[in-house]
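Here's the structure, in structure tokens; my notes come after.
Protein chains: 2
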Amino acid sequence: MGGRQSVVGPGNPRQAPGTVPVAWSPVALIVQKFGGTSVGDPERIREVADHVARTVRHGDRVVLVVSAMGKETDELLRLAADVSSTHPGRELDMLITAGERKAMALVCMALHDAGVPADSFTGSQAGFLTDTTHGNAKILEVRPERVRTTVDAGRVAVVGGSQGVSTENDVTFLGRGGSDTTAVALAHALGADVCELYTDVTGVFTTDPRLVPTARRMPAVSFDELLEMTASGCPKPAMRSVEYARTHGVRLHVRSAFTWQEGTWVDEEEPNMEQAIVSAVTHDASEAKMTIAGVPDRPGVAGTLFRALADHDVNVDLIVQNVSAQGVTDISFTVPRDDIERTLEETRKLVAEVGAVGVDADPDIARVSIVGAGMRTNPGVAATMFETLADHGVNIQMISTSAIRVSCVVAESQVEEAVAALHDAFDLADA
Amino acid sequence: MGGRQSVVGPGNPRQAPGTVPVAWSPVALIVQKFGGTSVGDPERIREVADHVARTVRHGDRVVLVVSAMGKETDELLRLAADVSSTHPGRELDMLITAGERKAMALVCMALHDAGVPADSFTGSQAGFLTDTTHGNAKILEVRPERVRTTVDAGRVAVVGGSQGVSTENDVTFLGRGGSDTTAVALAHALGADVCELYTDVTGVFTTDPRLVPTARRMPAVSFDELLEMTASGCPKPAMRSVEYARTHGVRLHVRSAFTWQEGTWVDEEEPNMEQAIVSAVTHDASEAKMTIAGVPDRPGVAGTLFRALADHDVNVDLIVQNVSAQGVTDISFTVPRDDIERTLEETRKLVAEVGAVGVDADPDIARVSIVGAGMRTNPGVAATMFETLADHGVNIQMISTSAIRVSCVVAESQVEEAVAALHDAFDLADA
């Protein structure tokens, strides 16, 4: 828990008892990340500046990470498509990172207007050294000397999200959602007390509030749980940033920019804390189910298939293989709906090669999952889930489990009912 | 003339007569600069790429300098004004230079589409080291190693105009029109054979073609003449870039991006060339005439006045002081019309201080000038100008001369007639 111990409590441990505090410093260093919607227009930029100004007046030191304004990244990509059919990664990264540059300079100006001295830094200036994988660069090292100097001088540092400079001195983009990663990596490199990720909603919810009105904001969630809560329908930190935070022990606080109420803290599980058996119900209706029937059950077939799909950048998610009967088996898996055609093309080659019966794609499915760290020590949770779904007439097409998650693939038309039923069955509703 | 000798003629001087050329290399290195209008939309960007591709297929090596697209710089400034009333120079430069970044990345993509390998470079990556004067940074040094490496590898280098990195490692903007300076400085640093500045028109004209239909494109003009031809009504390279080119002997070619015809070459005067007595008639209707009447004729008054105006960033142009009579004199000068109020304010203080009679501002004036290197050795040119204006009933309000220019301030309503009459009187019309 490298991120936590530096929160200074009310009192200076080096101070002799009874003496007047001279250099008492309860100042926290906070990394605050605001996404594209939060800086979408001049008025919102000024609101972000006011928010930061209040944090600064409260006595804390702030490092800000900002994304490009609103839909600017999409607009830049559309411009690139209008200009050319060829988009070398190096040039695309140069183009896209212009968005964060604009946002960070504008936020700095608004901060000056709000009476808060501030300096902006590109990824390169903030010390983000990356590899040369344009469009999806990996951070190799963060050397935030200039950011630290600015903060030490009592100024706010505003850092452009999702960008860095490669080992070949080229501008790189960390990918969509990369601003969360920038914020977490910076919080780690600076030894910040907390990394605050601002979203449109007030935290992480037990399920999608648009589907289930009684959905409840979770005061805390563990890294592991959050990582299992993919695509639950409400904004959440990018998975990559949560992985980074878990690896480096950076404490996250997911909260709303439009209220000062506490959001959801993301942290390591407290070993001696009573775990909620089920913390959240999530769902995802963006995928399709692929089923290959009659696959000869011999070693290497699955390996060949999924290597071929990986080589074609198809992002396979759930994989289920039935028990073999009479030497043949069925393999089912889910892929993003956009990848159905590519997947069918590759899969049909394999079907012909290994002599399987055929392949079928079903886009009208959804996945519903329950997530909870307490599952590890509570057998029977999966059974409760299956019973609940059966009680509501929801047929389960595929099942996949991890230590703290159970996912079922169901018909898309039944997903809302499934989510509501499970949210109710596991007592997640607002008290 | 460091820029000229490297144009290699049709033949290799190191080659023995009669032998077959083996490594004959007539390849020229050309810096081409395209302004904001030339890269104003995706279609124009593709046209620029086609133009460059043709230059490359012709066998020349090309370094490209591009401005921000269309009115993007204005839009970024408007955005800054919408966000904040405070615009720290460091942040404004970060914001504005995003425009050239976008343009250079998009031009690179279009070049790839046109089959021309290309890499983009920011001012910093292209080695433009500047001072820390944000918004109007001065180039201290150009170290174009990366540009040279790209060109040596047979690729086109696309450089963002008007930007650099300061001695404090901050992004700097060279100012409006700075892309011309970037192109000239790069041409010098690379030892390029020519710096081509592309505009909407086919070159530099003897006068404004919109005013005088017989205006003629000049095949060549000297640096000195071009520097005197301020604000002639047709696009011309930024003065700063012409100064830079003159100082460092960089040969310029002002031409149109929409035709392959020769434009106007800008070069040193050939010492033994017969000079045109008058090369061009220019005019400028953007200024106002200020007159301070009854100024006590004692040392220091003019110095005090113009120092005060300079301290308030008023850009004083022509200054004329009449001969003193009875110990008082009149001082007239021109300032941009936008600066009238500021100028009056400062000037009234001085009037009170030194006991002058008063100050008067007249915005309805224009300046008409004749420019020609041959004037130096041809007395009587000014007389011809004054006679011509008198013959057309144009009253002269102020006169100012340099070695190769005579300027008269006249009523704005008479400027078109004055320009046409002078263009005719000095035989500048198309033959």
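The listed protein sequences correspond, in order, to chains A and B. With the working numbering, the residue at position 356 of the first sequence is 356, and numbering never jumps. Add 1000 to a position in the second sequence, counting from 1, and you land on the number used in the working numbering. C-beta atoms are modelled at their ideal positions from N, C-alpha and C, and glycine is treated no differently.
Scanning its chain for C-beta atoms nearer than 7 Å, with the 5 sequence neighbours on each side dropped, one finds around GLN261 of chain A the residues THR202, in chain order. With fewer than 16 other Cβ atoms from the protein chains shown falling within 10 Å of its own Cβ, ASP200 of chain A counts as exposed.
Inclusion of VAL1359 of chain B and ARG1348 of chain B in the CB contact set at 8 Å is warranted, their separation being smaller than that value. Among the residues of chain B, none has a CB under 9 Å from the CB of MET398 of chain A; the nearest is roughly 42 Å distant.
A contact is defined here as three or more CB-CB pairs under 8 Å, and the region 1188-1195 of chain B meets this definition with respect to the region 1250-1258 of chain B. Within the region 1362-1430 of chain B, the runs of alpha helix (DSSP H) at least 4 residues long that lie entirely inside it are, in chain order, 1381-1391, 1415-1425. When Cβ-Cβ separations below 8 Å define contact, THR86 of chain A makes contact with chain B. The three-state reading of DSSP puts PRO1296 of chain B in strand, counting E and B together. Here the region 1102-1120 of chain B does not lie against the region 1166-1181 of chain B, with fewer than 3 beta-carbon pairs under 8 Å apart. Within the same chain, Cβ atoms closer than 6 Å to the Cβ of VAL1354 of chain B are found at PRO1296, VAL1301, the five residues on either side in sequence being excluded.
Every unbroken stretch of the beta strand (DSSP E) spanning 3 or more residues and falling wholly within the region 58-133 of chain A is given here in chain order: 61-66, 118-121, 128-130. Cβ contact annotation for ASP362 of chain A (same chain, cutoff 7 Å, sequence separation greater than five): ALA288, LYS289, in chain order. The closest CA to that of ASP1284 of chain B, considering only B:VAL1335, B:VAL1314, B:PRO1299, B:ALA1310, is found on B:VAL1335.
Interface flag for LEU95 of chain A against chain B is set, since a Cβ pair is found closer than 8 Å.
Residue state for ILE1331 of chain B is assigned as strand, using DSSP reduced to three classes.
Secondary structure of THR206 of chain A (DSSP, three-state): coil. Taking one beta carbon from each stretch, the region 240-247 of chain A and the region 203-212 of chain A have fewer than 3 pairs nearer than 8 Å; the two do not touch. The Cβ atoms of PRO88 of chain A and MET1218 of chain B lie no closer than 8 Å to each other. With a threshold of 8 Å between beta carbons, LYS102 of chain A makes contact with chain B. When beta bridges are read from the DSSP output, LYS33 of chain A appears opposite A:VAL65, A:LEU197. Taking all protein chains in view, the Cβ of PRO1379 of chain B is surrounded by fewer than 16 other Cβ atoms within 10 Å, so the residue is classified as exposed. Proximity of chain A to HIS1112 of chain B at the Cβ level (cut-off 7 Å) is accounted for by SER84, THR86, PRO88, in chain order.
Look at ARG1046 of chain B: its C-beta is under 8 Å from a C-beta on chain A. Inter-residue distance for LEU1226 of chain B and VAL1065 of chain B is about 21 Å (C-alpha atoms, whole angstroms).
Residue contact with chain A for GLU1091 of chain B: present (Cβ-Cβ distance below 8 Å to some residue of chain A). Beyond the five residues adjoining it in sequence on each side, ARG342 of chain A comes within less than 7 Å, by CB distance, of HIS312, VAL314 in the same chain, given in chain order. Apart from the 5 residues on each side of it in sequence, PHE1306 of chain B sits with its Cβ closer than 7 Å to the Cβ of VAL1316 in its chain, given in chain order. Using a CB distance cut-off of 8 Å, ALA1153 of chain B does not count as an interface residue toward chain A. PRO1299 of chain B counts as exposed, since fewer than 16 other beta carbons sit within 10 angstroms of its beta carbon.
No residue range can be given for ASP1313 of chain B, since it is assigned to no alpha helix (DSSP H) and is classified by DSSP as neither H nor E. Here ILE399 of chain A has CYS408 as same chain residues with Cβ atoms under 6 Å from its own Cβ, once five neighbours each way along the sequence are excluded. The Cβ atoms of GLY127 of chain A and VAL142 of chain A sit closer than 8 Å to each other.
Beta-bridge partners assigned by DSSP to HIS253 of chain A: A:GLU196, A:TRP265.
Interface residue (Cβ-Cβ distance to chain A less than 8 Å): ASP1119 of chain B is classified as such.
Secondary structure note for GLY178 of chain A: its alpha helix (DSSP H) is the uninterrupted segment 178-190.
The C-beta distance from ILE1096 of chain B to LEU1076 of chain B rounds to 5 Å, short enough to fall under 8 Å.
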